[in-house]
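K.L.:
My structure is below; once you've seen it, I'll send some questions.
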Amino acid sequence: MKIAAVQLTQSPAGGTPRSARLARWKGSLPLLPALLFLSLFFLAPLIGLLLRGVLEPEPGLGNYETLFANSAYARVLFNTFAVAGLVTLISLLLGFPLAWAITLAPRGWGRWLLSIVLLSMWTSLLARTYSWLVLLQASGVINKALMAMGLIDQPLEMVHNLTGVVIGMSYIMIPFIVLPLQATMSAIDPMVLQAGSICGASPWRNFFRVFLPLCRPGLFSGGLMVFVMSLGYYVTPALLGGAQNMMLPEFIVQQVQSFLNWGLASAAAALLIAITLLLFYAYLKLQPESPVASSTAR
Amino acid sequence: MLLSPNAMGPRLRVGLYLTTGAIAAFLLLPIVFIVLLSFGSSQWLVFPPPGWTLKWYEQFFANVEWMESAYTSLKVALLTTLCAVALGLPSAFALVRGRFPGRELLYALFTLPMIVPLVIIAVAIYALFLKLGYTGTLFAFVVSHVIVALPFTIISIINSLKLFDQSIEDAAVICGASRLQAVIKVTFPAIRPGMVAGALFAFLVSWDEVVLSVMMASPSLQTLPVKMWTTLRQDLTPVIAVASTLLIALSILIMLIAAALRRRNEPSA
Chain D
4 MKIAAVQLTQ SPAGGTPRSA RLARWKGSLP LLPALLFLSL FFLAPLIGLL
54 LRGVLEPEPG LGNYETLFAN SAYARVLFNT FAVAGLVTLI SLLLGFPLAW
104 AITLAPRGWG RWLLSIVLLS MWTSLLARTY SWLVLLQASG VINKALMAMG
154 LIDQPLEMVH NLTGVVIGMS YIMIPFIVLP LQATMSAIDP MVLQAGSICG
204 ASPWRNFFRV FLPLCRPGLF SGGLMVFVMS LGYYVTPALL GGAQNMMLPE
254 FIVQQVQSFL NWGLASAAAA LLIAITLLLF YAYLKLQPES PVASSTAR
Chain Y
32 MLLSPNAMGP RLRVGLYLTT GAIAAFLLLP IVFIVLLSFG SSQWLVFPPP
82 GWTLKWYEQF FANVEWMESA YTSLKVALLT TLCAVALGLP SAFALVRGRF
132 PGRELLYALF TLPMIVPLVI IAVAIYALFL KLGYTGTLFA FVVSHVIVAL
182 PFTIISIINS LKLFDQSIED AAVICGASRL QAVIKVTFPA IRPGMVAGAL
232 FAFLVSWDEV VLSVMMASPS LQTLPVKMWT TLRQDLTPVI AVASTLLIAL
282 SILIMLIAAA LRRRNEPSA
C-alpha cells in the first residue's frame, strides 16, 4: 500500500481543472496515513487532555488558580526548574572535558571514548536507573567506599531525595551534551587558536576568549536540549526521588492515577507543554536550518 | 594549541586526560556494576559479592511472568518497527520530494512527539484508551509506541533520502523502468542505511519504553520494562539485575549491528 502511495506522488498531474487545483498539493498524498495516525492518536488526545484543564470539574480557570495559589504545588514547580537547571549545569561541566578529549585524542582513543558515550546513551534507561538505586542506597557501594576512606561517619542519604534525582539525571544527560558539543569542537579551525597564541594570548586567555566562545553554539544547543528534556523526565525522578519532593511530571501522573483529578493534571500538563515548546522554539532559532527547508528559500 | 594535545602543555594535558578518564569511568560504572551484580550470590546486593552464581539467571528464565513480559516486549517492538517504517517511509518521501505548502509545518508536526514530554503523551493517550476500553491490549501498546518511534524513523529516512540524487532514479525511468520499479530497485537499496537505522531506532524506542507502557499495561499484559518497573517498586531483587544485563547485551548487539552497517556503507559513500 505504501508503495502504491509513493507511485502516486510521482505520476504526472492530469489536465482537468480539478487536478490543476490539486496540483498545488502534488506529492502530499503519501503523508496521509501517518498524518491520519498522528491526528487520531496524538493530536486529538492531546487537545482533549488540554481541554479538560479548563472544563473539569467546571468550566473556567479554576485549575490554574489552584496550581499557582497552593504553596505545595508551587514547590513542585520550583523543584522542577531547580533540578533541571542543576542537571544542565552538572552535565555541561562533565560533558565539556569529555567532548574536548574526544576531539583532540588520537583517532583510536577518540573512537573508544565516543563508544563509551554511545553505550551509556543506548543502554536501557531502567537498567541504568536501577543500577544507581543500588549504588547510592545507604548500604550501597558508594556509601561504603566513602566510609572506608574515612570521609564520612554515617551513610549519606543519596536516594529517595533530590540528590539522587540530580545524580541519576546528570548521568543520563551527559551524552546529550557530549554529542553536539563534540560536533561543534571538531569544526573549529585549530589555526584560529594558534593565531590567538601568536598574538600573545596566554593559554588561559586563549581558552576563555577564543576557544570557549567558539564552542558556544554547541554548549547552547546541548544545554537547552538537556534542560528541556529534564523538565519532562519521569522515570528517573520517580525511582530515585522521594515522595516529598516531586517534579512536575510525577505530579501529573499522581493527579491522574491516585486522585483522578484530571482537571488539575491537565492544567499542569498545559504548563509543561507551554514551557517546553517555548524553550524548543528558542533551540530551533539557534539551529542553522531545518532539515526540510534547504530546498526552498524562505 | 588548545586543539592539539602536544602543544597544550603537560599540566593541562595530564589534567584533561585524568578528568576524561574519571568521567568515562563514571559513565561505565553503573553498566559494569549491574552486570557484575547479576552474577553475585548475595540476595541483598552486597558488593563485592561473597560468591558468584547463575541462580538469578535460572530464576529469571524459570519465571513465567518474566518470560511472558519479554515475549510481549519483543512482539510489541517488532510490530512497532513495522508500523513505524510503513508509516514513516512514504511520509519521508513526501516531505523530501513534495512541493506542497506547509511542508515545514508538517515536518514540525511529525517531530512533535519527540519534543512533547513523554508523560503528557502517555496521560493523553491513556485517557483516550481508558474511554474506549483499550488499555491492556496489544493494540494500545503498539499505537502508543508508534507515536514516539515515528519521528526517529522519519528523520533517519529523510536524512538518507536527501543524500540520494534523484536523477539516478530518473535515469532508471528513462531507461524504461516504471517509477515504482525505479523506487524499489534503485532508490530503496540506496537509502537502505537510513531505513535500517530508522527501523533500529523504532525497535529500541519501543523495547526500552517505560512511561507509555506503564500506563497501557494490565496485570495480564505487560512488557519487560513494565515488569521491571513494578518489581523495582517492591524490592531490589537481583533478578532485575539479570533483566538489566540482558537489556544491556541487546543494546550492545544493536550498536554493533549499526556500526557494522555504517562501516559497510562508508567506502561507497
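Respectively, the protein sequence lines represent chains D and Y. Start counting at 1 in the first sequence, then tack on 3, and there's your number in the numbering used here. Start counting at 1 in the second sequence, then tack on 31, and there's your number in the numbering used here. We treat Cβ as the ideally placed atom computed from N, Cα and C, and that holds for glycine.
Compute the Euclidean distance between the alpha carbons of residue 171 of chain D and residue 156 of chain D, then round it to the nearest angstrom.
P.N.:
What you label residue 171 of chain D is simply residue 168 of the first sequence in a count that begins at 1. What you label residue 156 of chain D is simply residue 153 of the first sequence in a count that begins at 1. Whole-angstrom Cα-Cα distance: 24 Å.
K.L.:
If you measure from the beta carbon of residue 168 of chain D to each beta carbon in chain Y, is any gap under 8 Å?
P.N.:
Numbered from its first residue, the first sequence carries residue 168 of chain D at position 165. False, the Cβ-Cβ gap to chain Y never drops below 8 Å.
K.L.:
When Cβ atoms are compared, which residues of the region 84-110 of chain D fall closer than 9 Å to chain Y?
P.N.:
Cβ contacts with chain Y come from 97, 98, 100, 101, 103, 104, 105, 106, 107, 108 and 109.
K.L.:
For residue 144 of chain D, which option in D:129, D:216 and D:161 has the closest C-alpha, if you only look at C-alpha atoms?
P.N.:
Here the question's residue 144 of chain D lines up with position 141 in the first sequence. From the listed residues D:129, D:216 and D:161, the smallest Cα separation to residue 144 of chain D is found for D:161.
K.L.:
Which residues does DSSP list as the beta-bridge partners of residue 198 of chain Y?
P.N.:
The residue given as residue 198 of chain Y occupies position 167 in the second sequence. DSSP, once it has assigned bridges, lists no residue as partnering residue 198 of chain Y.
K.L.:
Output, in sequence order along the chain, the residues in the region 153-170 of chain Y whose CB is closer than 7 Å to any CB in chain D.
P.N.:
154, 155, 156, 158 and 159
K.L.:
According to DSSP, is residue 263 of chain D part of a helix, a strand, or is it coil?
P.N.:
Locating residue 263 of chain D in the first sequence gives position 260, counting from the first residue. Three-state DSSP puts residue 263 of chain D in coil, outside helix and strand.
K.L.:
Buried or exposed: where does residue 73 of chain D fall if 16 or more other Cβ atoms within 10 Å of its Cβ makes it buried?
P.N.:
To locate residue 73 of chain D, count along the first sequence from 1; it is residue 70. The residue is exposed, with fewer than 16 neighbouring Cβ atoms inside 10 Å.
K.L.:
Between the beta-carbon of residue 267 of chain D and the beta-carbon of residue 258 of chain D, is there less than 8 Å?
P.N.:
Within the first sequence, residue 267 of chain D is the residue found at index 264, counting from 1. Within the first sequence, residue 258 of chain D is the residue found at index 255, counting from 1. Closer than 8 Å, so yes.
K.L.:
Using C-beta distances below 8 Å, list every residue in its chain close to residue 86 of chain D, excluding the 5 sequence neighbours before and after it, in chain order.
P.N.:
As a working note, residue 86 of chain D is residue 83 in the first sequence. Excluding positions up to five away in sequence, the list reads 165, 168, 169, 172, 233, 240 and 250.
K.L.:
Compare the C-beta of residue 259 of chain D against all C-beta atoms of chain Y and say whether one is closer than 8 Å.
P.N.:
By 1-based counting over the first sequence, the position of residue 259 of chain D is 256. Yes, residue 259 of chain D counts as interfacial toward chain Y.
K.L.:
Return the bridge partner residues of residue 252 of chain Y from the DSSP annotation.
P.N.:
On the second sequence, residue 252 of chain Y is found 221 positions in, with the first residue counted as 1. Bridge partners of residue 252 of chain Y: Y:249.
K.L.:
Tell me which residues share the same chain as residue 188 of chain Y and place their Cβ nearer than 7 Å to its Cβ, disregarding the 5 neighbours each side in the sequence.
P.N.:
As a position in the second sequence, residue 188 of chain Y is number 157, starting the count at 1. Excluding positions up to five away in sequence, the list reads 119, 120, 123, 222, 225, 226 and 229.
K.L.:
Report the three-state DSSP secondary structure of residue 207 of chain D (helix, strand or coil).
P.N.:
Your numbering for residue 207 of chain D matches position 204 in the first sequence. The answer is helix: DSSP assigns residue 207 of chain D an H, G or I state.
K.L.:
Taking one C-beta from the region 40-59 of chain D and one from the region 150-157 of chain Y each time, how about it: are there three or more such pairs within less than 8 Å?
P.N.:
yes
K.L.:
Give the interface partners of residue 301 of chain Y over in chain D, defined as CB-CB distance under 8 Å, in chain order.
P.N.:
Only positions 32 to 300 of chain Y appear in this structure, which leaves residue 301 of chain Y out of reach.
K.L.:
Mind listing which residues of the region 128-159 of chain D have their C-beta closer than 9 Å to chain B's C-betas, in chain order?
P.N.:
The chain inventory of the structure shown lacks chain B, comprising the protein chains D and Y.
K.L.:
Going by other Cβ atoms of all chains shown within 10 Å of its Cβ, with 16 needed for buried, is residue 289 of chain D buried or exposed?
P.N.:
As a first step, residue 289 of chain D must be located in the first sequence, where it is residue number 286. Residue 289 of chain D is exposed by the Cβ-count criterion.
K.L.:
For the region 22-40 of chain D, which residues have a CB atom closer than 8 Å to at least one CB atom of chain Y, in sequence order?
P.N.:
27, 28, 29, 30, 31, 32, 33, 34, 36, 37, 38 and 40
K.L.:
From residue 299 of chain D to residue 164 of chain Y, what does the alpha carbon distance come to, in whole angstroms?
P.N.:
Along the first sequence, one-based indexing puts residue 299 of chain D at 296. Along the second sequence, one-based indexing puts residue 164 of chain Y at 133. The predicted position of residue 299 of chain D is uncertain, since its pLDDT is 36 and thus under 50; no value can be drawn from it.
K.L.:
Output yes or no for whether 8 Å exceeds the beta carbon distance between residue 243 of chain D and residue 132 of chain D.
P.N.:
Counting from 1 along the first sequence, the entry for residue 243 of chain D is found at position 240. Counting from 1 along the first sequence, the entry for residue 132 of chain D is found at position 129. It is a contact, given that the beta carbons lie within the stated cut-off.
K.L.:
Give a yes or no on whether 8 Å exceeds the smallest Cβ distance from residue 256 of chain D to chain Y.
P.N.:
As a working mapping, residue 256 of chain D is identified with position 253 in the first sequence. At least one C-beta of chain Y is nearer than 8 Å to the C-beta of residue 256 of chain D.
K.L.:
Cutting at 8 Å between CB atoms, please list the residues of its own chain near residue 64 of chain Y, excluding the five before and the five after it.
P.N.:
Start at 1 with the first residue of the second sequence, and residue 64 of chain Y comes out as number 33. Once the five neighbours on either side are set aside, the close Cβ partners of residue 64 of chain Y are 78.
K.L.:
Name the two residues that bound the continuous alpha helix (DSSP H) containing residue 80 of chain D.
P.N.:
Residue mapping note: residue 80 of chain D aligns to position 77 of the first sequence, counting from 1. Residues 74-107.
K.L.:
So does residue 45 of chain Y have its beta carbon nearer than 7 Å to some heavy atom of the ligand MN?
P.N.:
Of ligands this structure carries none, so the ligand MN is not represented either.
K.L.:
When the Cα atoms are used, what is the spatial distance from residue 206 of chain Y to residue 196 of chain Y?
P.N.:
Position 175 of the second sequence, counted from the start, is the residue given in the question as residue 206 of chain Y. Position 165 of the second sequence, counted from the start, is the residue given in the question as residue 196 of chain Y. Their backbone Cα atoms lie some 16 Å apart in a straight line.
K.L.:
Once you ignore the five residues that flank residue 209 of chain D on each side, which residues in its own chain have a CB closer than 8 Å to its CB?
P.N.:
Position 206 of the first sequence holds residue 209 of chain D. 196, 199 and 200.
K.L.:
Roughly how many angstroms lie between the CA atoms of residue 140 of chain Y and residue 51 of chain Y, to the nearest whole one?
P.N.:
Position 109 of the second sequence, counted from the first residue, corresponds to residue 140 of chain Y. Position 20 of the second sequence, counted from the first residue, corresponds to residue 51 of chain Y. Their backbone Cα atoms lie some 39 Å apart in a straight line.
K.L.:
Can at least three beta-carbon pairs, one atom from the region 257-277 of chain Y and one from the region 81-92 of chain Y, be found at a separation below 8 Å?
P.N.:
yes
K.L.:
Run through the region 85-142 of chain Y for me and flag every whole beta strand (DSSP E) of 3 or more residues, listed as ranges in chain order.
P.N.:
Listed in chain order, nothing qualifies, since the region 85-142 of chain Y has no complete beta strand (DSSP E) run of 3 or more residues.
K.L.:
Near residue 108 of chain D, which residues of its chain fall below 8 Å by C-beta distance, leaving aside the five closest residues on each side in sequence?
P.N.:
Locating residue 108 of chain D in the first sequence gives position 105, counting from the first residue. Taken in chain order, the residues that qualify are 116.
K.L.:
Can you grab the Cα-Cα spacing for the pair residue 240 of chain Y / residue 128 of chain D, in whole Å?
P.N.:
For this step, residue 240 of chain Y is matched to residue 209 along the second sequence. For this step, residue 128 of chain D is matched to residue 125 along the first sequence. Going from the Cα of residue 240 of chain Y to the Cα of residue 128 of chain D covers about 9 Å.
K.L.:
Suppose you measure from the CA of residue 246 of chain Y to the CA of residue 217 of chain Y; what does that come to, to the nearest Å?
P.N.:
Here residue 246 of chain Y refers to the residue found at position 215 when the second sequence is read from its first residue. Here residue 217 of chain Y refers to the residue found at position 186 when the second sequence is read from its first residue. A direct Cα-Cα distance of roughly 42 Å separates residue 246 of chain Y from residue 217 of chain Y.
K.L.:
Between the Cα of residue 193 of chain D and the Cα atoms of D:174, D:183 and D:218, which residue gives the shortest distance?
P.N.:
Walking along the first sequence from the start, residue 193 of chain D turns up at place 190. Looking at the Cα atoms, D:218 is the closest of the given residues.
K.L.:
For residue 83 of chain Y, list the residues DSSP reports as bridge partners.
P.N.:
On the second sequence, residue 83 of chain Y is found 52 positions in, with the first residue counted as 1. Bridge pairing for residue 83 of chain Y: Y:71 [DSSP].
K.L.:
Taking the alpha-carbon positions, what's the residue 225 of chain D to residue 81 of chain Y distance?
P.N.:
Counted from its first residue, the first sequence places residue 225 of chain D at position 222. Counted from its first residue, the second sequence places residue 81 of chain Y at position 50. Residue 225 of chain D and residue 81 of chain Y: Cα-Cα distance of roughly 42 Å.
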